[in-house]
Amino acid sequence: MTSEIEINSYLKNNRLARIMVVDDEKDILRIIKRDLEITNEFQVETFSTGNEALISFKSHEPGYYDIIITDIRMPRMNGFELYRNIKETSPNTKIAFITAFEINKDEFTKVLPSIDVKDFIIKPIDMNDLIFKIKSMLSM
Amino acid sequence: MVGIVLSRNNIFLLILVIGVGISLSFLSYHYSGLTADQIADVASNDIRSNAIIETDGLSRTLIHIIDPISTNLEILSNVVNYSNIEGTQVLIDQVQNSTKGLTEGYYWIDENGRIVSISNVNLSSIYSYGYINLSNREYFVIPKETMSKYYSSAIESIDKIPRLYISFPIIEKSNSSKSTFKGVIVSSIKIHELGTFLQNELTPQVASNVGLMDKNGVIIYSRNPALIGKNYLDTEFQSLIPQEIKGPYNSILERSLQGSSGADDLLLMGGNKTTITYQPVYIGGKYIWTLFVSAPHQLATEVGALINDQKNFSTLMVLIIGIVALGIAFLILSWNKQLESAVNSRTIELKEANKSLQENNKLLELANEKLSIHDRMQKEFINIAAHELRTPIMPILGDAIFLEKQFEAGKKEVMVDKEQVSSIIRNAKRLKRLASDILDITKIESQSLKLNKEKFNIKDVIASSISDIKVQMNSSNPEQLKNLQINYNPKDVFVFADKNRITQVIFNLLSNSIKFTESGSITIDVILEKDQTKNIHYVVVSISDSGQGIDSEILPRLFTKFASKSFEGTGLGLFISKSIIHSHYGEIWAYNNHECGATFCFKIPQQ
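This is the structure we're talking about:
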């Protein structure tokens, strides 16, 4: 499995894949962090606002976070705004969205033309699906 | 005909038509008059010259018919032989036959005035005339005396028929050149026949009369037989001449007797003209008679009258044409007017149709907009509902699965920390709240929201809401609780209302303020207000915060469903609050503060 080879390469580099998770629901952050870290494959940093997440992203060197997973519907800075800000700084950053919304590709592509349906993870999140999604993104 | 608006153009057009009509009729009248006069002149001239030509022709004809008679007489006068009467008789018969159209007969009279022979009469019968002595007759006497030919005037014989006599003397010349009178050869012409002959010779187009007068002024021929043989100066003739032309007529006749020819116009009463032409008739180089032709200008007059009629007719026609043109002009104008009004009314109809179309379009647009707003709101509701329903499920399910996995690993007991339990409870409560909100909405929309009114102290409701919200914040966002000051000066205000519903409203407004106020203060005020006109006391509750204020886009539809831009609420809280306050016959409103934040107020009747 290519994904395992890739993940092994992270292990060889002596570092777990670093995942940034942004959501205004603290209960959700807690669950995701616990369930990802329990696999011993990921290191998870959680933020409850887009602003905090962006500050942290900018304070580290590019590539510090391997994958960013953000909620869309958040107060003040929403997920799309965070996406734009991060892509401005570092266009190659891999970003996925978690949302409880009904996915309407047309509506989302109006807001962000570059995003794809596969970039969305629908709430309530099945953790096995999330792990698979993260692994496939890491292998890209 | 429809009434015509007399606009400047129309008046101009009408005046033009009338002017042209009048000018045309005047011109036509004038021109026709000129033409009539000219044609009358031409016709008069034509008649005059025709009359002259006719007279000339007639006089020639007269000479031509008289000449053969004269010649015959001359020949006979030379050849008569008293010794051969029978032979001469044959000759006499022959000449009579040659001129029998005009001559009555030829007579041979001897020197004693006795008849020797008469043409076409048996010699035996002549003897019975033997007793007649003609020696006293002019046609015997004058040739005998003058020894030359004689042309008589009109002479009435015993039978009262006027005749012309031409006689030649029979002269016997002896050796000594002495001439001896041996009698006369006479020819008689019935004047009536001569006249008829002349009259027939006239061109029928010239409705004229012929007259013949001898050089003494005695009328030889006239259409009126009574005048024959009379002098023109006699009363019989004079009384027939119309008074107005008597002078000129007589002078014409007088002039004609001098042997000259001429033509003169006589103007009769009533404007009728007559041309009198006269021409002397020379026979054998000798002036004997004068021929008259009178040609009335009846044709010219008729033509003139005709032209006059034509003139009147054409004038009438032009007038009629003018009137018709006027009528047509009126028709066209009125038609124009009708067309114009039709076009106008059509234009108005079209405009109205257009207007109503535009109005309909506007309504459609409005409806479309409403639909699209509704559609957007529906989608928004689905998104909110999805978010609000799915979000609390995840932590509950996540913790439960986490615990279950530990059991699956073979453990008999698993560790559950407090956070896990309270997370499950908290999220389940959220689901409960959402369920109750949706239930409320259903009630409101089906208009089955029932109020259980009771008298209660609003102070208690506010205080419990503040404490509830603090508990909630303490668990969800303790940091905010530290930075947020909630001010309320409690005082007893009693109100008769549904306590639970009013609590719900206050809690909603309070949590709404807290949602948008990260730090700062929230102030709750309760005052009493009296409506003077209705004499009702109101309880007014206001919740003022120092937060980010209300989005200007949201403000107009703040209290409608799903208006919220909040990422936490259902978007139903303010709508439910408004519905509850309205059920209490109250009002709810909100505004942005001058400095910062917003204020939400509601008032309900105290009783």
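Chains A and Z, in that order, are what the protein sequence lines are. Using our numbering, you'd call the opening residue of the first sequence number 1 and step up by one each time. Using our numbering, you'd call the opening residue of the second sequence number 141 and step up by one each time. Glycine is no exception: its CB is placed at the ideal position from the N, C-alpha and C atoms.
Here Z/ASN224 has no same chain residue with a Cβ atom under 7 Å from its own Cβ, once five neighbours each way along the sequence are excluded.
Taking 8 Å as the threshold, the shortest C-beta distance from Z/ASN523 to chain A falls below it.
Under the three-state reduction of DSSP output, A/PRO62 falls in the coil class, being neither helix nor strand.
Non-local beta-carbon contacts of Z/SER661 in its own chain, meaning distances under 8 Å to residues more than five positions away in sequence, involve LEU624, GLN625, ILE626, ASN627, ASP685, SER686 in chain order. Short of 6 Å from the beta carbon of A/MET77, and not among the five residues preceding or following it, lie these beta carbons of its own chain, in chain order: GLY50, ASN51. Burial check for Z/ASP354: the Cβ neighbour count within 10 Å reaches 16 or more, so the residue is buried.
Judged by DSSP in its simplified three-state form, Z/ALA294 adopts coil rather than helix or strand.
For Z/VAL679, the uninterrupted beta strand (DSSP E) run begins and ends at 676–685, by DSSP. Distance from the CA atom of Z/LEU497 to the CA atom of Z/ARG486, rounded to whole angstroms, is 16 Å.
At a cut-off of 3 residues, the continuous stretches assigned as beta strand (DSSP E) that sit fully inside the segment 403–478 of chain Z are 413–423, 426–436.
Taking 8 Å as the CB threshold, Z/ARG573 stays off the interface with chain A.
For the set Z/SER319, Z/LYS318, Z/ILE282, Z/LEU342, the Cα lying nearest the Cα of Z/VAL326 is the one of Z/ILE282. Counting only residues of its own chain and dropping the five nearest sequence neighbours on each side, A/LEU29 has a CB closer than 7 Å to the CB of VAL21, ASP23, THR46, SER48. Each residue's CA atom was taken as its position, placing Z/ILE203 and Z/LYS330 some 16 Å apart. No Cβ of chain Z is located within less than 8 Å of the beta carbon of A/PHE47.
By the neighbour-count definition (other C-beta atoms within 10 Å, threshold 16), Z/ASN276 is an exposed residue. Those residues of the segment 66–90 of chain A placed with their C-beta closer than 8 Å to a C-beta in chain Z are ARG73, MET74, PRO75, ASN78, ordered along the chain. Beta-bridge partners of Z/GLN229 (DSSP): none assigned. Listed along the chain, the chain A residues whose CB falls inside 7 Å of the CB of Z/LEU537 are PRO124. Against chain A, the CB of Z/ARG697 has no partner CB under 8 Å away; the residue lies outside that interface. At a cut-off of 8 Å between beta-carbon atoms, A/PHE101 makes contact with chain Z. Separation of Z/SER328 and Z/TYR361 (C-alpha to C-alpha, rounded to the nearest whole angstrom) is 15 Å. Close to chain A, meaning a Cβ-Cβ distance shorter than 7 Å, is no residue of the segment 653–665 of chain Z at all.
Measuring C-alpha to C-alpha distances from Z/LYS240 to each of Z/ILE205, Z/PHE152, Z/LEU406 identifies Z/ILE205 as the nearest. Listed as beta-bridge partners of Z/LYS313 by DSSP are Z/SER319.
Distance check between Z/ILE301 and each of Z/SER307, Z/ALA525, Z/SER293 places Z/SER293 closest, using alpha-carbon atoms only. Each residue's CA atom was taken as its position, placing Z/ASP515 and Z/ASP580 some 22 Å apart.
Contact of Z/PHE547 with chain A by beta-carbon distance below 8 Å is absent, the smallest such distance being about 15 Å. Between Z/SER400 and Z/PRO420, the C-beta spacing is below 8 Å. Residue burial annotation: Z/THR657 is buried, with at least 16 other C-beta atoms found within 10 angstroms of its C-beta.
If you look at Z/GLN625, you'll find it in the beta strand (DSSP E) that goes 624–628. 8 Å or more divides the Cβ of Z/VAL458 from the Cβ of Z/GLY173. With a beta-carbon spacing of about 4 Å, Z/THR195 and Z/VAL433 fall inside the 8 Å limit used to define contacts. Assignment of Z/ASN592 by DSSP, reduced to helix, strand and coil, places it in the coil class. Taking 8 Å as the cut-off, the beta carbon of Z/THR739 is found no closer than this to the beta carbon of Z/SER651. Taking C-beta atoms under 8 Å as the contact rule, Z/VAL235 and Z/LEU263 fail to qualify, at a distance of about 17 Å.
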